[in-house]
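Residue numbers (full-length UniProt numbering): 1 to 213.
All C-beta atoms, glycine included, are put in the ideal place defined by N, C-alpha and C.
So the structure is just underneath, and the comments pick up after that.
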């Protein structure tokens, strides 16, 4: 599973032209825009829908997700608990988590997004999260699928493919390259060829996505 990250604060106008060309290599798009008003969420969400209507969309605003008929809602590690959201939203909830305590807070989530895995321009000066924290998440019983975000590029995807996670979230590794479509194609190819499947079952009821197997 590979999601493309559109970080509104850093996504530039020329990059919109690449979205339809990148779309065939993605399984979803996550729109990250924590400072947006509802109208801004809707404007960007509609533009994504117009450019790549076939791609499932996750947004970080419940009312916007409803209005956009999005496939999922994304919540931050300190946002409302996934269990609270699940009472108000019948589709997927993806929760950003950094360690086990946050993961357990969001134990009702359908997906955990962990990171940042590598140094990344979106978080200058911040060291990557300890891999031990990811290993602890993967060892949680009945956990949901785990996606890794932060610094995923053509050069790093091969390493992540051996970590036993279920997917990737890629931002700059696509959009900040000279050829975004080619970068996304290579990331998809490397991931599909090298991904290490977990040796234990992922039994979370929320595992409802095609492409994790």
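Per DSSP, the beta bridge partners of residue 112 are 95 and 146. Just so you know, the alpha carbons of residue 143 and residue 15 end up roughly 35 angstroms apart.
In this structure, 149 is the residue among 56, 93, 149 and 141 with its C-alpha nearest to the C-alpha of residue 128. The three-state reading of DSSP puts residue 27 in coil, since its state is none of H, G, I, E or B. Within 10 angstroms of the beta-carbon of residue 63 lie fewer than 16 other beta-carbons, which makes it exposed. As summarised for the segment 24-69, the continuous beta strand (DSSP E) elements at least 3 residues long and confined to that stretch are 28-32 and 57-59, given in chain order. For residue 174, the uninterrupted alpha helix (DSSP H) run begins and ends at 172-175, by DSSP. Inclusion of residue 113 and residue 147 in the CB contact set at 8 angstroms is warranted, their separation being smaller than that value. An exposed status is given to residue 43, since fewer than 16 other beta-carbon atoms sit within 10 Å of its beta-carbon. Out of 136, 30, 97 and 17, the CA that lies nearest to the CA of residue 4 is found in 30. Secondary-structure assignment with DSSP links residue 74 through a beta bridge to 94. Between the alpha carbons of residue 75 and residue 50 lies a gap of roughly 24 angstroms.
If you compare the alpha carbons of 101, 117, 79 and 121 with that of residue 158, the shortest gap goes to 117.
When C-alpha distances from residue 17 are compared across 84, 180 and 186, the shortest belongs to 180. Taking all protein chains in view, the Cβ of residue 1 is crowded by 16 or more other Cβ atoms within 10 Å, so the residue is classified as buried.
Per DSSP, the unbroken alpha helix (DSSP H) holding residue 158 starts and ends at 157-160. Partner residues in the beta bridge of residue 7, as assigned by DSSP, are 32. Taking 8 angstroms as the cut-off, the beta carbon of residue 65 is found closer than this to the beta carbon of residue 89.
Judged by DSSP secondary structure, residue 133 falls within the alpha helix (DSSP H) whose first and last residues are 131-138.
Remark: three or more beta-carbon pairs, one from each stretch, lie closer than 8 angstroms, so the segment 18-26 and the segment 183-194 are flagged as touching. Rounded to whole angstroms, residue 163 and residue 60 show a C-alpha spacing of 27 angstroms. Rounded to whole angstroms, the separation of the alpha carbons of residue 46 and residue 125 is 34 angstroms.
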